[in-house]
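Enquirer: Protein sequences appear in the order of chains X and Y.
Everything in the first sequence is counted per the numbering used here, starting at -15 for the first residue and increasing by one.
Everything in the second sequence is counted per the numbering used here, starting at 302 for the first residue and increasing by one.
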Amino acid sequence: MDTVTYPDEQVARFLTDHFVPARVRVKEHPSLVGEYLVSWTPNVVIADDRGKVHYRVEGFLPPEEFVAYLSLGLGRYWLDRMEFDRAAGRFEEVAGLHDGTAAAAEALYWLGVARYKPAHDKAQLRAAWQQLARDYPDSTWARRARIPDVKH
Amino acid sequence: MATTTELIAWESSLPDAQQRAAREERAVLLDFSAAPD
């Protein structure tokens, strides 16, 4: 990550524009390693100011893919905080800019959720998940997409 | 080539990062990594 991904300007810009970045050297902070359940590095955790984890990226990723997952993780962060429009905006961006990738399939799954949640509108959920099934039929996210019968 | 430290301003500690995140209503990105060789 230090030799390829973090030196990339797009990564640095996205990271600086959207997050407060902090670095944890695992051997120097064993208590944080335990607290955040880090079994392997590289391990990037998106958390809130109270330490609650909202998303995690494990393993090396090249710059463009890393940015896609950071954006996806930011969407999950906003979704957890019930900022549905902000979350949907992130998921739409990932689905659009990273078309054809695994991150885009995951983004469409969560886009359906973010659009459904404000008014429990199943039509919104169905629209995003139909696009997911159409564009990424072999993805794990398409298999997970089933319209629920109950409100969440 | 520019280095990581030139491009990304990492906070020096997690408490500092969390305080800034609260002020700025941002998420914290925690990079867990091995120490450089």
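Glycine residues also receive a C-beta, built at the ideal position from the N, C-alpha and C atoms.
Give me the residue from Phe3(X), Ile30(X), His82(X), Ala111(X) with the minimum Cα distance to Glu325(Y).
Expert: The sequence position of residue 325(Y) within the second sequence is 24, counting from 1. Per the Cα distances, Phe3(X).
Enquirer: In terms of residue numbering, what span does the beta strand (DSSP E) encompassing Phe3(X) cover?
Expert: Here residue 3(X) refers to the residue found at position 19 of the first sequence. First-last of the beta strand (DSSP E) with Phe3(X): 3 to 9.
Enquirer: With 8 Å set as the bound, which would you pick, yes or no: does the beta-carbon of Asp105(X) sit closer than that to a beta-carbon of chain Y?
Expert: Taking the first residue of the first sequence as 1, we reach residue 105(X) at position 121. Chain Y, which has no Cβ nearer than 8 Å to the Cβ of Asp105(X), makes this no.
Enquirer: Exposed or buried, which one is Ala335(Y) when buried takes at least 16 other CB atoms within 10 Å?
Expert: By 1-based counting over the second sequence, the position of residue 335(Y) is 34. Flag for Ala335(Y) reads exposed.
Enquirer: For Pro47(X), which residues in the same chain have their Cβ closer than 8 Å to its Cβ, ignoring the five residues on either side in sequence?
Expert: Here residue 47(X) refers to the residue found at position 63 when the first sequence is read from its first residue. Residues of the same chain with a CB within less than 8 Å of the CB of Pro47(X), apart from the 5 flanking positions on each side, are Val(-12), Thr(-11), Asp(-8), Gln(-6), Val(-5) in chain order.
Enquirer: Do you know offhand how far Gly96(X)'s Cα is from Leu81(X)'s?
Expert: Translated into positions along the first sequence, residue 96(X) becomes position 112. Translated into positions along the first sequence, residue 81(X) becomes position 97. If you take the alpha carbons of Gly96(X) and Leu81(X), they lie about 17 Å apart.
Enquirer: Kindly indicate if chain X contains any beta-carbon less than 8 Å away from that of Met302(Y).
Expert: By 1-based counting over the second sequence, the position of residue 302(Y) is 1. Here the model assigns Met302(Y) a pLDDT of 40, short of 50, so the residue's position is not dependable, and the following value carries that caveat. So yes, Met302(Y) belongs to the interface.
Enquirer: What is the DSSP secondary structure of Phe44(X), counted as helix, strand or coil?
Expert: Here the question's residue 44(X) lines up with position 60 in the first sequence. Here DSSP, grouped into helix, strand and coil, assigns Phe44(X) to coil.
Enquirer: Pull out every residue of the segment 39 to 54 of chain X whose Cβ sits closer than 8 Å to any Cβ of chain Y, in chain order.
Expert: Leu54
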